[in-house]
Amino acid sequence: KAGVTQTPRYLIKTRGQQVTLSCSPISGHRSVSWYQQTPGQGLQFLFEYFSETQRNKGNFPGRFSGRQFSNSRSEMNVSTLELGDSALYLCASSLDGGVLADTQYFGPGTRLTVL
Amino acid sequence: GDSVTQMEGPVTLSEEAFLTINCTYTATGYPSLFWYVQYPGEGLQLLLKATKADDKGSNKGFEATYRKETTSFHLEKGSVQVSDSAVYFCARHNYGGSQGNLIFGKGTKLSVKP
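In the order they appear, the protein sequences are chains E and R.
The opening position of the first sequence corresponds to residue 1 in this note's numbering, with each subsequent residue numbered one higher.
The opening position of the second sequence corresponds to residue 116 in this note's numbering, with each subsequent residue numbered one higher.
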């Protein structure tokens, strides 16, 4: 079974631009969560989608948004990029996520650099 | 609030040394517990997990036992290798909310020298 895939793996953008990252979960998984990882703040939860609906949301500004499609693939978008948005963005998928306490499987991440 | 606390790193060991990385958690009830490992330039990989008290998770020579009395889930390995050099994250399951479905510790960087 293929693992979680994320595209692109690397991105370089400039301040003020917007960016879209993509995540394809493991086949059959319906929950997709997004995390931001930085050296200073560690792993921070952005949001979780389940069956095309945002189920949970972390404490990030509205510039960070996401969506999930009917095939469970998910995208996240960051508008008006700031230097502080430079990070590794990780996507994780699981069968259900919350209620069943099942395991989250992570993709390799997208490394975003904002200049 | 609910959290996961790991020992501060970095940890530097010689090859074949014994490894312990401490992890404690706070929670209501008995959540599933996990150890993830992150190799340089990669995402997180599940290393092992335990879903109830007294369970022992194990994989690739690593072990951790779910201790409800001490709310701990310490990671151990009897003989580390250079290839074990990575960052290790302890995590507990969480039922959604602003922290999502997993609460992570800050990570412990392990360096193993030949």
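Positions of the beta carbon are idealized from the N, C-alpha and C atoms, including for glycine.
When rounded, the separation of the alpha-carbon atoms in Thr141(R) and Ser194(R) is 30 Å. In the three-state reduction of the DSSP assignment, Val227(R) falls in the strand class. Legend: CB atoms of the stretch 17 to 43 of chain E lying less than 7 Å from CB atoms of chain R belong to residues Ser33, Gly42 and Leu43. Annotated three-state conformation of Leu83(E) is helix, per DSSP. The way I'd put it, the stretch 173 to 189 of chain R doesn't touch the stretch 50 to 63 of chain E; fewer than three beta-carbon pairs between them come closer than 8 Å.
Counting C-beta pairs with one atom in each stretch, the stretch 116 to 132 of chain R and the stretch 204 to 221 of chain R have three or more that are closer than 8 Å, which means they touch.
One alpha carbon belongs to Leu83(E), the other to Arg15(E), and they sit about 6 Å apart. At a cut-off of 8 Å, the C-beta of Gly215(R) has a neighbouring C-beta in chain E. Excluding residues up to 5 positions away in sequence, Leu134, Gly176 and Phe177 lie with their Cβ nearer than 6 Å to the Cβ of Lys192(R) in the same chain. In the structure shown, Ser94(E) adopts extended strand secondary structure according to DSSP, grouped into three states.
Contacts with chain E at 8 Å (Cβ-Cβ) do not include Gly176(R). Membership of Met122(R) in any beta strand (DSSP E) is not indicated, and neither H nor E is assigned to it by DSSP. Restricting attention to Ser74(E), Asn71(E) and Leu46(E), the CA atom closest to the CA of Asp85(E) is found in Leu46(E). In the displayed model, Val197(R) falls within a helix according to three-state DSSP.
C-alpha of Glu75(E) to C-alpha of Ser24(E): approximately 9 Å in a straight line. Ala2(E) sits exposed, since fewer than 16 C-beta atoms from the chains shown fall within 10 Å of its C-beta. In terms of beta-carbon proximity, Gln54(E) stays away from the interface with chain R, with every pair separated by 8 Å or more. CA-to-CA, the gap between Pro155(R) and Phe106(E) works out to about 15 Å.
Contact annotation: in the stretch 141 to 163 of chain R, residues whose CB is within less than 9 Å of a CB in chain E are Pro146, Ser147, Phe149, Tyr151, Gln153, Gly156, Glu157, Gly158, Leu159, Gln160 and Leu161.
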